[in-house]
Amino acid sequence: MKVLVTGAAGFIGSTLAHRLLDRGDEVVGIDNLNDYYDVRLKQARLVRLLSRADFRFEKLDIIERKTMSGLFAAIKFDAVVHLAAQAGVRYSIENPSAYIDANIVGFLNVLEGCRHSRVGHLVFASSSSVYGANTRLPFSEHDNVDHPVSLYAATKKANELMAHTYAHLYGLPCTGLRFFTVYGPWGRPDMALFKFTEGILAGHSIPVFNRGEMVRDFTYIDDIVEGIVRVIGLPAAPAPDWSGDRPDPATSYAPWRIFNIGNSQPVKLMRYIEVLEQCLGRKAIVELLPMQPGDVRATIADVSDLEQAVDFRPRTAVEEGVAKFVDWYKSYYK
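Take 99 as the starting number for the sequence shown in the numbering used here and just add one per residue.
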């Protein structure tokens, strides 16, 4: 297949690109290489990709309508995996306009490109953040998600709705994937595991919000990527039993579908830190802080739909995943 990966210099995007190349696909990657976090890390991910055959990179910004239109006009893609976005829950409180630009305007440009060039399948990143104020666990795609607690979450829910509109109007197969707390080698420096590792090795205190009373469905990067790859090969199709009298939020009469991708093994944040301490051979200096605006106390994914559809569910335990991250971190930063 010829696959477009947006956000190809990012954590998930770069790992996915390698996986697609490994199976023989041709990959075009785009990224604007913004400075939300260390650009050198993004460039290092790109260097690894550019050394491979069948990978082509274009530095461009998804919010630039004409540039995006030109890309889709020049290259016919079998599938598009849209991962480019302004990430981060807390940052959305400080810089809301960045999320409207990248996550709403940028996604519209991707949808328009897919529509006009008749892309076979659009797979796009949503987030467990869309569950917002929901408290029934595990989180199911079949539950309503109408009470976001951050603008980031609101933009991801908006992406799901925008994609449904294009599936309805133009028959564009769209599948949204709600990722649950992704971690692993080549990860993002703004994520907890990266910050905790950096702090512990430097002998600094690490901030632990909600006084450590947090539960997360930590999902290893290779599991996320395996889920994406399998979903690419299963374009969304109309659900034959969908009814407007009892509308299912996860499926549709249009070629549109939503899946969770999570480990389904909730881990308390303090246990996560304990595993990291064991891998580093050092104790953390923990600074217990109150709950942060936009955060939720617990996330657990119901992945039964994903498993039924593509015969896969994430299984990597945090003990294994954190150890692999620490090995990479020590090697990369020497």
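Beta carbons: idealized from backbone N, C-alpha and C, even for Gly.
Note that the structure is predicted; figures quoted are calculated from it, not measured.
Membership of His214 in the alpha helix (DSSP H) is indicated by the continuous run 204-215. Distance from Tyr250 to Val187 at the Cβ level is roughly 5 Å; contact confirmed, criterion being Cβ atoms closer than 8 Å. Taken through DSSP and simplified to helix, strand or coil, Arg411 comes out as coil. Looking at Met289, Val365, Gln390, the one whose alpha-carbon comes closest to that of Tyr135 is Met289. It is roughly 33 Å from the alpha-carbon of His180 to the alpha-carbon of Arg369. Of all C-beta pairs linking the stretch 118-125 to the stretch 141-154, three or more are shorter than 8 Å, placing the two stretches in contact. Annotated as proximal: Leu299 and Arg380, with beta-carbon spacing under 9 Å. Taken through DSSP and simplified to helix, strand or coil, Trp426 comes out as helix. When DSSP states are grouped into helix, strand and coil, Ile128 belongs to the strand group. Following the DSSP letters along the chain, one finds Glu156 inside the beta strand (DSSP E) bounded by residues 153-157. When C-beta atoms of the stretch 358-375 are compared with those of the stretch 311-325, three or more pairs fall below 8 Å, so the two segments count as touching. The continuous beta strand (DSSP E) containing Lys100 extends over residues 100-104. Taken in chain order, no unbroken stretch of beta strand (DSSP E) lies wholly in the stretch 311-345 with a span of 3 residues or more. The Cβ atoms of Val125 and Lys157 do not sit closer than 9 Å to each other.
Between Asn201 and Phe278 the beta-carbon gap is near 18 Å, outside 8 Å, which marks them as no contact. Taking a contact to require three or more Cβ pairs closer than 8 Å, the stretch 236-248 and the stretch 321-331 do not qualify as touching. When secondary structure is reduced to three states using DSSP, Leu119 falls in the helix class. If you ignore the 5 residues before and after Pro194, its C-beta comes within less than 8 Å of the C-beta of Leu249, all in its own chain and listed in chain order. Taking Thr263 as the centre and dropping the five residues before and after it, the same chain places no C-beta closer than 8 Å to its C-beta. Going by DSSP, Val373 is part of the alpha helix (DSSP H) stretching over 367-378. Annotation for Gly230: His245, Pro246, Val247, Ala251 place their beta carbon closer than 6 Å to its own, counting only its chain and skipping 5 residues before and after.
In this chain, the alpha helix (DSSP H) harbouring Phe170 covers 163-172.
Residue Pro338 holds the alpha-carbon nearest to the alpha-carbon of Pro353 among Pro345, Pro338, Asp343. Note on geometry: alpha-carbon atoms of Gly360 and Leu404 lie some 10 Å from one another.
Nearest in C-alpha terms to Leu275, of all of Asn130, Asn132, Asp400, is Asp400.
DSSP places Glu258 within a helical segment (H, G or I) once states are collapsed to three.
In the structure shown, Tyr229 falls within a helical segment according to DSSP collapsed to helix, strand and coil.
Contact annotation: the stretch 403-417 does not touch the stretch 204-212, with fewer than three C-beta pairs closer than 8 Å. DSSP places Thr273 inside the beta strand (DSSP E), whose first and last residues are 272-277. Under the DSSP assignment, Phe292 falls in the alpha helix (DSSP H) whose first and last residues are 290-300. The beta-carbon separation of Val424 and Val329, rounded to 29 Å, does not stay under the 8 Å limit for a contact. Leu147 and Ser429 have their C-alpha atoms spaced approximately 18 Å apart. Around the beta-carbon of Lys432, fewer than 16 other beta-carbon atoms lie within 10 Å, marking it exposed.
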